[in-house]
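**Q** Numbering of the sequence shown is given in this note's numbering, commencing with residue 429 and proceeding in unit increments.
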Amino acid sequence: IKGVDIIPGIYDLNEIYTVRKDEFEDIIEKSKSNYDYVVIDTHSWYDLIPTDRALYFADEVLVPVRGRSASIDTVNRYLDNFEKYNDFDTRKFKLVINSYSGDDLTSIEIDARTKYPIIGYISRFKDYDKTNGFKNKKLIKEYNSILDKLGIARKDKIELNEKLPHSKFIKKSNNKQGR
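Following this line, the structure appears as structure tokens:
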């Protein structure tokens, strides 16, 4: 996608423990000054340095959660503890009910159970592993709705059957911007 750069994550969990806090903070700060949006897909273990620093420096945090009692209770407990111990500003956390289906609680039950704002629902797509979700008109509408609620400006809304070219990866280099 033109204008999109991707920094690959750390796939070996042993490497995560060798990342210094200041190195990761530097990457985030440089990224924020060079881009309108920086999206960081983190591990769910918030006590790892990359996840901790990403949550700390984020302007907004999207939390995908299933629409089931246990999942919602777990997210509420984590966010309550973040607030209680002043780990992170919980006002920036927004929930996205992910893979929502008839097996989950109703949206009324979910709304009643959650303590934090829900900005959207993404339906369960049964053929997720078999085909491209961008061919599903309902999913596209749900994603666009979430982007609208985040105030993310797009030239065009994602359209049905849109072709998505390969992304450009940022590689380590000796230049100052690291791109």
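C-beta: ideal position from N, C-alpha, C; glycine also.
Measuring only the C-alpha atoms, how far is S529 from Y571?
**A** Straight-line Cα distance between these residues: approximately 16 Å.
**Q** What residue does the beta strand (DSSP E) around F553 start on, and which one ends it?
**A** Careful: F553 lies outside any beta strand (DSSP E) and carries neither H nor E.
**Q** Does V503 come out as helix, strand or coil in the three-state DSSP assignment?
**A** Looking at V503 - three-state DSSP - the assignment turns out to be helix.
**Q** Between the C-alpha atoms of V493 and I550, what's the straight-line distance to the nearest angstrom?
**A** Between V493 and I550, the C-alpha separation is close to 10 Å.
**Q** Just to confirm the assignment, what range does the beta strand (DSSP E) spanning I538 have?
**A** That residue, I538, is in no beta strand (DSSP E); its alpha helix (DSSP H) goes 535-541.
**Q** Check this for me: beta carbons of K522 and V489, under 8 Å apart or not?
**A** It is a contact, given that the beta carbons lie within the stated cut-off.
**Q** Which stretch, first to last residue, makes up the beta strand (DSSP E) that contains N526?
**A** Segment 521-528, the beta strand (DSSP E) holding N526.
**Q** Report the partner residues of G548 according to the DSSP bridge assignment.
**A** Beta-bridge pairing links G548 to V524.
**Q** Report back the beta-carbon spacing between I468 and A482 to the nearest angstrom; my notes put them in contact at under 8 Å.
**A** With 8 Å as the limit, I468 and A482 qualify as a contact, their Cβ atoms being about 4 Å apart.
**Q** Am I right that E511 and T518 are in contact with their C-beta atoms under 8 Å? What's the rounded C-beta distance?
**A** Yes, E511 and T518 are in contact; Cβ-Cβ is about 5 Å, under 8 Å.
**Q** Where D576 and I477 are concerned, what is the direct C-alpha to C-alpha distance, given to the nearest angstrom?
**A** Computed Cα separation, rounded: 30 Å.
**Q** Can you tell which of N514, V466, K565 has its C-alpha closest to the C-alpha of V432?
**A** Comparing Cα positions, the closest option is V466.
**Q** Take T542 and list the residues in its own chain whose beta-carbon comes closer than 8 Å to its own, dropping the five residues that flank it on each side.
**A** Excluding positions up to five away in sequence, the list reads I500, V503, N504, L523.
**Q** Could you compute how far the alpha carbon of S497 sits from the alpha carbon of L533?
**A** Cα-Cα distance, rounded: 7 Å.
**Q** Kindly indicate the opening and closing residues of the beta strand (DSSP E) around L490.
**A** Unbroken beta strand (DSSP E) run through L490: 489-493.
**Q** Could you tell me whether the Cβ atoms of F516 and Y544 are closer together than 8 Å?
**A** No; because the gap between Cβ atoms is not below 8 Å, this pair is not in contact.
**Q** Specify the secondary structure class of I574 as computed by DSSP and reduced to three states.
**A** I574 falls in the helix class under three-state DSSP.
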